[in-house]
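Asks: Convert by adding 753 to the 1-based position in the sequence shown; the result is the number in our numbering. Note that beta-carbon positions come from the ideal geometry of N, C-alpha and C, so glycine has one too. None of these values were measured; they are calculated from a predicted model. Take a look at this one; I'll ask things after.
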Amino acid sequence: MISRLNYSFKYLHYWLFSKHKKGHGIHSPFVFSIVKNVFNNNSKNEELTKVFKIVDYYKKNKQQIEFKDLGAGSSFSAIKKQTIGKSIKQSSVNKKYGKLLFNLIAYFKPKTILELGTSLGISTAYIGSAAPDSEFKTIEGAEPKLKIAKEIAQILELENIRFIHGEFGDVLENTVSGFEKLDFVFFDGNHKKEPTLSYFNLCLEKAHRNSVFIFDDIHWSTEMEQAWEEIKQNKKVRVSIDIFRMGIVFFNDDLSFQHYVIKF
Ligand SMILES: C[S@@+](CC[C@H](N)C(=O)[O-])C[C@H]1O[C@@H](n2cnc3c(N)ncnc32)[C@H](O)[C@@H]1O
């Protein structure tokens, strides 16, 4: 991971020089519509409010869980002990980005969804609540976390989610081949360059012109920045959007090749 200071500096640079917060200056109607209807969507939603409430509730949970810290994919033997609340605060999407995931799903209406890195199921809850009828699979290597994720999905009555326990390297290929196509993929685990690119390439086999792939923590480390550069430059990627914390890519070949850095 890059140092906290370096990360803050990069964020400051993004904040000062990124544009288009309200969509001004964006000529692509496709991207303009995303900025207007997804990034700037502040409408209230009952399902989203339910997720906010359950997240607030679990953030206060002091129950200790013990799990293999797969973190950046570096160590498979380190065991970490943490309260559920602390783990959510440390590694799950916050409300701002959870809402973004919810709104992206509500806007694109994917029928098939894959998530890499369930953790305690917070992002899973945002995604699943926006697409209760989709075919949604989510993968996590640390079983004790998956148990909580299932509990949260149950409270939210999200019955369409299939939780898969396993290391991405062992289960991803099989999981991807079980999908006819992939409409939406959220990559949020093992933040290293080569694994990220290999997961991207695997998922690319099932991508189509309307697929949306979203990557968390694209500026979290030098390796992630290198992976993001390669993803952006992949010939199949038509449009990429960098909102600093996350990167989003689109494949529609009617769109001209373009990269945006958008203030979010
Ligand atoms: C940042 S957390 C995911 C957070 C979650 N998406 C959310 O926002 O609520 C990343 C998760 O990926 C899992 N992970 C990392 N590398 C993995 C691997 N190689 N195989 C399986 N799971 C892995 C970790 O155990 C961790 O729970």
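So the candidates are E910, L1008 and E976; which of them puts its Cα closest to the Cα of V990?
Replies: It is L1008.
Asks: Within 10 angstroms of its Cβ, does F953 collect 16 or more other Cβ (buried), or is it exposed?
Replies: F953 is buried by the Cβ-count criterion.
Asks: Would you call A815 buried or exposed, if buried means 16 or more other Cβ atoms sit within 10 Å of its Cβ?
Replies: For the sequence presented, residue 815 should be read as Lys rather than Ala. With fewer than 16 Cβ atoms within 10 Å of its Cβ, K815 is classed as exposed.
Asks: If you draw a straight line from the C-alpha of K855 to the C-alpha of N794, how long is it?
Replies: Correcting the residue identity first, residue 855 is Phe in this sequence and not Lys. When rounded, the distance between both Cα atoms is 11 Å.
Asks: Can you say whether P948 is buried or exposed, counting buried as having 16 or more other CB atoms within 10 angstroms of its CB?
Replies: The residue is buried, with at least 16 neighbouring Cβ atoms inside 10 Å.
Asks: On the three-pair Cβ rule with 8 Å, is the region 934-944 touching the region 864-871?
Replies: These segments touch.
Asks: Taking 9 Å as the CB-CB cut-off, is G870 touching chain B?
Replies: The displayed structure is made up of one protein chain only, and chain B is not part of it.
Asks: For a test of your reading of the model: does the CB of E888 fall under 8 Å from any non-hydrogen atom of ligand 1? Yes or no.
Replies: Flag unset: Cβ of E888 not near ligand 1.
Asks: So, at 6 Å on beta carbons, what are the nonlocal neighbours of V804 in its own chain, with the 5 sequence-adjacent residues on each side left out?
Replies: Within the same chain, V804 has close Cβ partners A878, Y879 and S882.
Asks: May I ask whether a heavy atom of ligand 1 can be found less than 8 Å away from the beta carbon of S978?
Replies: The sequence shown places Glu at residue 978, rather than the Ser named in the question. E978: no, Cβ never under 8 Å from ligand 1.
Asks: Express the C-alpha separation of N987 and V784 in angstroms, rounding to a whole number.
Replies: Cα to Cα, the separation comes out at about 19 Å.
Asks: Please determine whether the Cβ atom of A895 lies at a distance below 8 Å from any heavy atom of ligand 1.
Replies: Yes, the beta carbon of A895 sits closer than 8 Å to at least one heavy atom of ligand 1.
Asks: Grab the span of the beta strand (DSSP E) containing H918 for me, first residue to last.
Replies: First-last of the beta strand (DSSP E) with H918: I914 to H918.
Asks: Would you check if the region 922-936 and the region 886-902 touch, i.e. whether three or more CB-CB distances between them fall below 8 Å?
Replies: Verdict: yes, contact present.
Asks: Any heavy atom of ligand 1 inside 8 Å of the beta-carbon of I866?
Replies: No, the beta carbon of I866 sits no closer than 8 Å to any heavy atom of ligand 1.
Asks: Three or more C-beta pairs closer than 8 Å, one from the region 761-775 and one from the region 1008-1017: is that the case here?
Replies: A contact exists between the region 761-775 and the region 1008-1017.
Asks: Hey, I917 and T928 are a contact pair by Cβ (cut 8 Å); roughly how many whole angstroms apart?
Replies: Confirmed, Cβ separation roughly 6 Å.
Asks: Look at the Cβ atom of A902, then the Cβ atom of E912, and state whether they are nearer than 9 Å.
Replies: Taking 9 Å as the Cβ cut-off, A902 and E912 do not qualify as a contacting pair.
Asks: Sorted by chain position, which residues of the same chain lie with C-beta nearer than 6 Å to I996's C-beta, five sequence neighbours on each side aside?
Replies: Around I996: I1015 and F1017.
Asks: Going by DSSP in three states, K1016 sits in which element: helix, strand or coil?
Replies: Here K1016 sits in coil by DSSP.
Asks: Could you give the residue range of the beta strand (DSSP E) that holds E896?
Replies: Taken as a continuous stretch (DSSP letters only), E896 belongs to no beta strand (DSSP E), being part of the alpha helix (DSSP H) at E896 to I908.
Asks: Could you spell out where the alpha helix (DSSP H) holding G881 opens and where it closes?
Replies: Residues I875 to A883.
Asks: Alpha carbon to alpha carbon, what distance is there between H773 and G851?
Replies: C-alpha separation (whole angstroms): 21 Å.
Asks: Could you give the distance in angstroms between the alpha-carbon of S827 and the alpha-carbon of L853?
Replies: With a pLDDT of 47 at S827, under the threshold of 50, the predicted position of this residue should be treated as unreliable, though the coordinate-derived value follows. Taking the straight line from one Cα to the other gives about 29 Å.
Asks: Taking DSSP as the reference, what is the three-state secondary structure of L851?
Replies: Checking the displayed sequence, the identity of residue 851 turns out to be Gly instead of Leu. Three-state DSSP puts G851 in a helix.
Asks: Would you say the beta carbon of N943 is closer than 8 Å to some non-hydrogen atom of ligand 1?
Replies: Checking every heavy atom of ligand 1 against the Cβ of N943, one is found closer than 8 Å.
Asks: Can you tell me where the alpha helix (DSSP H) with S844 in it begins and where it stops?
Replies: S844 -> alpha helix (DSSP H) spans I837 to S844.
Asks: Could you compute how far the alpha carbon of K946 sits from the alpha carbon of S974?
Replies: The straight-line gap from Cα to Cα measures roughly 9 Å.
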